[in-house]
Each structure stands twice: as C-alpha cells, then as structure tokens.
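Here the sequence shown is numbered in the UniProt record's numbering, starting from 1 and rising by one per residue.
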Amino acid sequence: MKSLKLISLAITMLICFVLKAQEKIPIKKPQNLALETEIIPNPLIKMKDTICEVAISSNFVKTNASPNFRIVCAKTISYKAEPLYILDGIPIQAKQLAKINPNDIEEIKVLKGIDATSLYGNQATNGVIVITSKEKE
C-alpha cells in the first residue's frame with residue numbers, strides 16, 4: 001500500500017513537471033521602436049531608450065563600426081560579456097549587425113535569464129537579442 005502511494009505520487013509529479021515544461025515562455029517585446037521613421041546606423045541602437053536592460057556603448061570612429069551591446073540585469077548577467085545575437089534563427093556575430101538594413105527588420109526581442117538559457121543553452125548566459133527580418137516577397 002505504501003509503495004502504491006509512492007508510485008502514485010511519482011507519476012503525479014512527473015505529469016506536473018511535463019506540463020510545466022510545455023508552458024510557453026513569455027517574451028518581452030520592446031514597445032514603440034519606430035524603426036521606419038528614423039535613419040539610424042544600427043537598428044538595435046533604438047532599443048537603448050525603450051528597454052532599460054540593454055546598454056549600448058558606441059564607438060563610431062570607423063564609419064561601419066558596430067556598437068557594443070550589453071544586456072544588463074541582476075547577478076546572472078555580466079556587463080562585460082556580449083549577448084548572443086540571433087537573426088532569423090541563425091546566430092550571428094556582433095560585427096554583422098552593421099550590415100542589417102533597419103527597414104528589413106520586423107521585430108526585435110530581448111531575452112535574458114532563464115528565458116534565454118532555456119531556449120539557447122549556455123551560450124545565452126549573457127542574454128539574447130533575437131532579430132526577425134521581414135519576409136521578402
């Protein structure tokens with residue numbers, strides 16, 4: 001009888017764990033980016049004013065230099081380490097950001113903490129900037 005209760009409890013816990021793991025992770029979207037109305041050298045610069053967790057340091061000595069982005073939050077994220085950049089599901093380097101046309105961007109999402117690491121693993125420890133481009137017709 002005792003082992004039956006233990007098995008029943010284990011099955012209940014397993015079902016709860018599976019259901020919890022299947023829940024969708026809420027993703028915070030920046031509001032009012034207005035990328036279409038302004039000409040900016042890098043589309044992520046606009047996020048500086050809309051998301052307090054994104055720190056941008058620009059060094060535009062070179063004409064095509066890409067600014068440094070940091071996602072700043074609590075103890076889990078280091079200010080000195082760069083986030084992971086994802087363009088249409090493909091990881092890219094920070095220097096490739098300068099080549100993105102701001103008019104081709106549909107959406108920019110910022111993930112941090114457990115939301116980022118659960119989707120992209122340990123390489124997303126310092127946060128993730130997910131860029132979705134507009135579909136070309």
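Just so it is clear, CB atoms sit at the ideal spot from N, CA and C, and this is done for glycine as well. None of the values given here were measured: they were computed from a predicted structure.
Neighbourhood of residue i by C-beta distance below 6 Å, restricted to the same chain and skipping five residues each side
i: L111; result: V128
i: E107; result: T132
i: I92; result: Y85
i: I7; result: none
i: T12; result: none
i: G89; result: none
Selection from the options that minimises the alpha carbon distance to residue i
i: A81; options: K134, I11, S133 and T125; result: T125
i: I131; options: T12, D104 and I11; result: D104
i: N101; options: K109, I11, G121 and K134; result: K134
Rounded distance between the beta-carbons of residue j and residue i, thought under 8 Å
i: I84; j: Q123; result: The sequence shown places Leu at residue 84, not Ile. Confirmed, about 5 Å.
Contacts around residue i, its chain only, beta-carbon distance under 7 Å, and the 5 residues preceding and following it disregarded
i: Y120; result: L84 and V128
Cβ neighbours of residue i in the same chain (closer than 8 Å, five flanking residues each side left out)
i: T117; result: A124 and T125
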